[in-house]
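Each step along the sequence shown adds one to the number in our numbering, with nothing skipped, and position 44 is 226.
Glycine included, each C-beta is placed from N, C-alpha and C at the ideal position.
Everything on this sheet refers to the single structure shown next.
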Amino acid sequence: IVDLYTSSIVVSEVESHIRDDLQLASSETRNFIRKQICIKGLKGSEQFSALFGDFREQGWDTYTLNQWIEFIDDTDCLVLETNTVSLQDVLSDYFNGVAPFEEKQKKKYEFPDAIIIKSIKEFVNSGANQVFVITKDQGWINAFSSFRNVIVVDDIIDILKEIYSDVDPKI
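Listed below in structure tokens is the structure:
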């Protein structure tokens with residue numbers, strides 16, 4: 183019933199957050215364990231030595247990143263590539279104050295969003311039927327305001343209600 187789409191930028195951002203969060207979690211966990219007097223005796227034990235090591239070396243990051251990649255694969259999520267987006271078009275939008283750059287000074291860090299938006303627009307223009315975009319960001323909302331087959335909602339529940347209202351009128 184639903185096809186899931188994301189951008190290669192989002193995939194890379196999530197991977198970066200996973201790495202950063204795991205580095206912090208590994209450090210905090212290692213420091214917490216080292217402070218526990220009641221388990222200091224386990225440090226010399228071969229059976230429990232892993233508790234005192236660097237968890238990233240034990241494969242935390244690889245395992246978690248693989249779960250993310252498996253999620254993308256298992257959901258048949260189509261990753262929209264950004265290599266077809268014209269940098270000139272994005273810069274033109276920026277200098278002309280086109281959404282998501284309508285407040286240029288506040289939004290100058292929105293280039294990744296602008297590239298994602300352009301890739302979604304290219305996808306829609308290539309013949310995609312109806313596309314739902316989930317966001318509360320006003321720049322995104324404005325960017326898709328003229329696209330009839332792009333429906334912007336701020337909650338995935340709204341999309342599910344729309345989809346299932348055709349299937350079950352009780353929803």
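No Cβ-Cβ contact shorter than 7 Å links proline 282 with isoleucine 191. The residues Leu224, in chain order, have a CB closer than 6 Å to that of phenylalanine 230 in the same chain once the five nearest residues on each side in sequence are set aside. Of all alpha-carbon atoms in Ser327, Phe314, Asn331, the one lying nearest the alpha-carbon of aspartate 337 is that of Phe314. Scanning its chain for C-beta atoms nearer than 8 Å, with the 5 sequence neighbours on each side dropped, one finds around leucine 186 the residues Thr257, Asp258, Cys259, Leu260, in chain order. Contiguous alpha helix (DSSP H) elements confined to the region 218–259 occur at 242–256, taking only those with 4 or more residues.
Just so you know, the alpha carbons of glutamate 284 and isoleucine 345 end up roughly 32 Å apart. Listed as beta-bridge partners of threonine 188 by DSSP are Val261.
Excluding the 5 residues flanking it on each side, isoleucine 299 has same chain C-beta neighbours closer than 7 Å at Pro282, Trp322, Ala325, in chain order. Taking the Cα of arginine 201 as reference, the smallest distance to any Cα among Ser189, Thr244, Lys217, Arg216 is reached at Thr244. Taking 8 Å as the upper bound for CB-CB distance, serine 209 and glutamate 263 are not in contact here, some 34 Å apart.
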